[in-house]
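> Heads up: the sequence shown begins at 9 in the numbering used here, then just goes up one per residue. Heads up, the beta-carbon is just placed ideally off N, CA and C, and yes, glycines get one too.
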Amino acid sequence: MGVVAEQQVLYLFYEHMASIIYSKALEDAQLWMRNRIENIEIDYFVLYCNTNKSEY
9 MGVVAEQQVL YLFYEHMASI IYSKALEDAQ LWMRNRIENI EIDYFVLYCN TNKSEY
């Protein structure tokens, strides 16, 4: 395969697949962020409960 043919294949891939890959990457990032926020909320709740227990 020549250089021109390789460039055409890459351009075809970019033209048709880039938006799909980008959308999947955004979905993955949103899921990752939701998981991190959930973990922070759980950690905060555990720390808050432990703090309130020691006051009584």
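Tell me which residues share the same chain as H24 and place their Cβ nearer than 8 Å to its Cβ, disregarding the 5 neighbours each side in the sequence.
Position 16 of the sequence shown, counting from 1, holds the residue named residue 24. Closer than 8 Å at the Cβ level, and outside the excluded window around H24, lies no residue.
> Rounded to a whole number of angstroms, what is the C-alpha to C-alpha distance between A33 and F21?
By one-based count along the sequence shown, residue 33 stands at place 25. By one-based count along the sequence shown, residue 21 stands at place 13. Taking the straight line joining both Cα atoms gives about 16 Å.
> Run through DSSP, which three-state label would A9 get?
Within the sequence shown, numbered from 1, the residue matching residue 9 stands at position 1. Going by the sequence as given, residue 9 is Met instead of Ala. Here DSSP, grouped into helix, strand and coil, assigns M9 to coil.
> Distance, Cα to Cα, S27 vs T59?
Here residue 27 refers to the residue found at position 19 of the sequence shown. Here residue 59 refers to the residue found at position 51 of the sequence shown. The straight-line gap from Cα to Cα measures roughly 48 Å.
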